[in-house]
DNA sequence: GATGAATGAGTTTTCATTCAT
DNA sequence: GATGAATGAAAACTCATTCAT
């Protein structure tokens, strides 16, 4: 019988449901406001149930961060699907990243903080790797073959992420940065980056 | 008589002592671990005493952030004292900023978060303004006069801060970023930035 | 299975137990001395437990006031059960009220204060309404039909409550008011009140 | 030299100043909000200074209650100055009392509470006695001589105070009691009281 | 598998009071 | 005579977690 599988499926669904409930709280009220009590109120299960699916709150937060990167990766997939020209593609990716950080402020902050905490002990989690790799790949393609020195590429990759991340952070602090300015700054920055690839 | 002055000095010293005790906790255990109880244990005073020198915890944190910017400004002053060439100067400033963010990780995070929170209601506090202004000025000087369009400069200023901030963030997450790589990335980024100034 | 019911019953019992523990503290030490810590010491549960049954201290106090009015209503029911003559009945009711206020001094004060606080925002709670209505009804019956003007009755109702309340208050301040005097004063007052109904 | 006297005068003035500062806080924010810190902020002296003029907070509150009765007595003096007819005079006195309780709600509550607390140990303070006596006297005069039985009068006195006090209390709880209704109820009540004097 | 009940440790804050100067 | 500094005790409340059922 498929009873085992059904159970497994149920388990997964429950895991997912809790995670998305938590996600909603984070999106709406910020990640500092996410308490297990609050979470239990939002889902139709008891606070204790969370411990059946997650080792503890920390584990839930990590999974939340991973979910965030999943969504980011999906957004990138969607927004860059048809774009073939490598440089346009890179541009679109980074813009998607910036949009994500800007619009999902609280989730983005969670992803950053969890990333920092985890970094001290563990390897990056796979969804984050996927993200980094896709940026990496885009950079590689945007360069001509002749430049494809590994260290070189890696640095370019970091720089591009840094720019986006920096812009996102600034946006949170300086209110005089309207969306258009930011967009043009991103364009500008990516342009010089791409120019520097040659 | 100097009695009044002595008292005022004592008061200031106490304020400073508490602030630095808090700073130590932040530096050693991260800013989330800073509680008034912990703080009271570290100084040789009661928990209540803190309220004689700070209105509440929030006020303490703000002062902590300001102290952080003070230290950052001082570092910049020291490191860039003798440098006259505008571009070298800009470079040195940004490098100092990056070093600060890298070495004073927890303080830096505190500064960021407080900056974000305050931003929603209040104007930036003066120490932060000083920092932003000094970067601004450096950028302005690094450009030739013919380019000195205000919006243009402001954007360049933001971009340069963004790069540094982004690099700092990345550094907190990706451990494979050694100091040298980072340094070169900064060089690289600043170089393209400066080239783009022309 | 009755498991659910049992739990519900337990829950109710706990609610009631806490409430009565709080009531005891109020009765013995006055309502200003009722703190959650103290309460937790008196019941054999942790301070936190209270929050499982009451939203916060305010909610506990409100429930306490309601309990007070319940007890008052019950006393009135018991003491006036067999009395048919409307005026005797009214007299008995008011006397019961006065006795209650006199003997349950601290609870009575709590009921007054909570009543005042709540009044500013909410409607009166049902137990209080029951009380007011029963007085109202008694007054109405004590009057002949020909006088049954609404405003008129309402005022008489207020006056009768005012007399009782006033006597109760006086009693708390002036110790030379022995029970007998007070009783006769109430008689006196009610008599004039009833005379004035004609 | 009058130095001693001057000092005594200063002392008295200081006592009075503190008291009136406290009074203002009570009037504006309610007596529960009166803390020594708050008080120290309002006067131009330190919190410690209060202890030079009052044994402790309790003593301050008692003096505050006495001050309240002083003001009440003064109001009565003013409002009833010219009124000779004994019954009109009594009426005017009680109305003044009701007005006071209504308009100086917080001070009135303080006076009540302190009165209750003190009652348990000490004799009434003189200002309160003055008040009670003046009511007493008015009642006595309102009666014809033939009725001047002591106990009888005392009771009438209490009853009249009870009515006023009760009306004042009701007013705090029942918001549907507008000023006019209340005024008429007082008239009504006093009228039956006076009728009953015969 | 699921949960309601319970808790210990922790949080920030306020207050009346004391004491050395 | 006056005060700034300091404090102990207490307040209400929140949270992540455990455990018996």
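Protein chains in written order, with full-length UniProt numbering: chain A, 1 to 198; chain B, 1 to 198; chain C, 1 to 198; chain D, 1 to 198. Cβ atoms here follow ideal geometry from the backbone N, Cα and C, with glycine treated the same way. Quick caveat: nothing in here was measured; it's all calculated off a predicted structure.
Sequence-distant Cβ neighbours of residue 187(B) in its own chain, meaning closer than 8 Å and more than five residues away, are 91. Residue contact check for residue 184(C) against chain D: a CB pair falls below 8 Å. Pairing residue 134(D) with residue 193(D), the inter-Cα distance amounts to about 17 Å. Linking residue 66(D) to residue 163(D) through their CA atoms gives a straight-line distance of about 22 Å. Beta-carbon to beta-carbon, residue 31(A) and residue 72(A) are separated by about 16 Å, too far to satisfy the 8 Å threshold. Of all C-beta pairs linking the region 36-51 of chain D to the region 4-24 of chain D, three or more are shorter than 8 Å, placing the two stretches in contact. Assigned with DSSP and collapsed to three states, residue 42(A) falls in helix. Counting C-beta pairs with one atom in each stretch, the region 119-130 of chain D and the region 54-66 of chain D have three or more that are closer than 8 Å, which means they touch. Within chain C, the residues placing a beta-carbon under 7 Å from that of residue 173(D) are 115, 116, 119, ordered along the chain.
Boundaries of the alpha helix (DSSP H) around residue 117(C): 105-119. Comparing alpha-carbon positions, the option among 180(D), 102(D), 143(D) lying closest to residue 173(D) turns out to be 102(D). For residue 87(D), the nearest beta carbon of chain C is not closer than 8 Å to its own beta carbon. Counted as a single uninterrupted DSSP element, the stretch harbouring residue 85(D) is not any alpha helix (DSSP H), since DSSP gives it neither H nor E.
The DSSP-derived three-state label of residue 123(A) is coil.
Under the three-state reduction of DSSP, residue 10(A) is assigned to helix. Within the same chain, Cβ atoms closer than 7 Å to the Cβ of residue 167(D) are found at 98, 182, 185, 186, the five residues on either side in sequence being excluded. Under the Cβ distance rule, residue 59(A) does not count among the residues neighbouring chain B, no pair being separated by less than 8 Å. Under the three-state reduction of DSSP, residue 149(A) is assigned to coil, being neither helix nor strand. Chain C has no Cβ within less than 8 Å of the Cβ of residue 134(D). A straight-line Cα-Cα distance of about 22 Å links residue 140(A) and residue 196(B).
Scanning its chain for C-beta atoms nearer than 7 Å, with the 5 sequence neighbours on each side dropped, one finds around residue 170(A) the residues 177, in chain order. By the rule that beta-carbons nearer than 8 Å mark a contact, residue 163(A) touches chain B. Look at residue 143(D) here: in three-state DSSP terms it is coil, with no helix or strand label.
Fully contained in the region 51-98 of chain B are the following alpha helix (DSSP H) runs of length 4 or more, in chain order: 57-80. Residue contact check for residue 99(C) against chain D: no CB pair falls below 8 Å.
About 6 Å separates the CB atoms of residue 190(D) and residue 94(D); that is less than 8 Å, so the two are in contact. Under the DSSP assignment, residue 191(D) falls in the alpha helix (DSSP H) whose first and last residues are 179-197. Contact of residue 65(C) with chain D is not assigned, every C-beta pair being separated by 8 Å or more. Between residue 105(C) and residue 119(D) a beta carbon distance of about 11 Å is seen, past the 8 Å cut, so the two are scored as non-contacting. Between residue 36(B) and residue 114(B), the CB-CB gap reaches or exceeds 8 Å. Not flagged as an interface residue toward chain B: residue 49(A), since no C-beta distance is shorter than 8 Å.
Secondary structure of residue 33(A) (DSSP, three-state): helix. Approximately 7 Å separates the beta-carbon atoms of residue 138(B) and residue 86(B); this is inside 8 Å, confirming the contact. Interface criterion not met: the Cβ of residue 137(B) is under 8 Å from no Cβ in chain A.
Nearest to residue 18(C) by C-alpha distance, out of 152(C), 56(C), 77(C), is 56(C).
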